[in-house]
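First the structure, in the form of structure tokens, and then the observations on it.
Protein chains in written order, with my numbering: chain A, 11 to 121; chain B, 1252 to 1365.
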């Protein structure tokens, strides 16, 4: 089946790094994504990585992809209170713009 | 550039009624996708339209339908509403279809079925 797993919660202190993990199942996925959802809002695309890449860095965000283990991670450096949100990983499946989303990880940043 | 606009933002219906939700994509975007978000099932793909044609459909009953107009605006309809249809319905637009997906989401329409 198409199950994308994430841990439900992560709590970090402001200024620390956050690492959000994701395990996906479809080895034919071509792109993998990270989205952020703040309360009452839609989803904001943070970054994406092509499946032939191992790593992608974009300012405070670092994405690591381990295709062998079907493991994707998002590292947020110098985490701020404004980073508190739910983070979803997603993979392209079935062609077109159909995404399969993970269960979401709620990140709480404490002072 | 205006973002993805969804209307209405909130609505309340009763079981058995039907509802129509609207989505205006970002100007120039030709692909519109719909997703349902619930606490229990998470985010689930409903369907995608590109150039007025349905490209993909998720595993939802036939009560869920959609369409896209020539100006790329899209509507989705849910008939014979059930309590379980209560959800946040998110619309996303993209410049293109295909595996280079880069979806821009609206803020959603929150449907409550009583």
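We put the CB at the ideal spot given by N, CA and C, even for glycine.
Here the C-alpha atom of residue 116 of chain A lies approximately 30 Å from the C-alpha atom of residue 1347 of chain B. Under a criterion of Cβ atoms nearer than 9 Å, the residues of chain A adjacent to residue 1358 of chain B are, in order, 50, 51 and 52. Identification of residues in the stretch 1302-1328 of chain B having a C-beta nearer than 7 Å to some C-beta of chain A yields 1306 and 1307, given in sequence order. Close to residue 114 of chain A, with beta-carbon spacing below 7 Å, are these residues of chain B in chain order: 1293. Interface with chain B (9 Å Cβ-Cβ cutoff): residue 45 of chain A is included. Considering only A:52, A:77, A:62 and A:87, the residue with the shortest C-alpha distance to residue 69 of chain A is A:87. The C-beta separation of residue 24 of chain A from residue 101 of chain A comes to about 31 Å, leaving the pair out of contact by the 8 Å criterion. Under the Cβ criterion of 9 Å, residue 19 of chain A is not counted among the residues facing chain B. At least 9 Å separates the beta-carbon of residue 52 of chain A from that of residue 1306 of chain B.
If you check the CB distance, residue 31 of chain A and residue 94 of chain A do not come in under 9 Å.
Of all residues in the stretch 1267-1295 of chain B, the ones placed with a Cβ closer than 7 Å to any Cβ belonging to chain A are 1282, 1284, 1293 and 1294, in chain order.
For residue 42 of chain A, the secondary structure class from DSSP, reduced to helix, strand or coil, is strand. One thing to note: residue 1261 of chain B has its Cβ no nearer than 9 Å to the Cβ of residue 1343 of chain B. For residue 1331 of chain B, no Cβ of chain A is located within less than 9 Å of the residue's own Cβ. With a 10 Å radius around the Cβ and a threshold of 16 neighbouring Cβ atoms, residue 1257 of chain B comes out buried.
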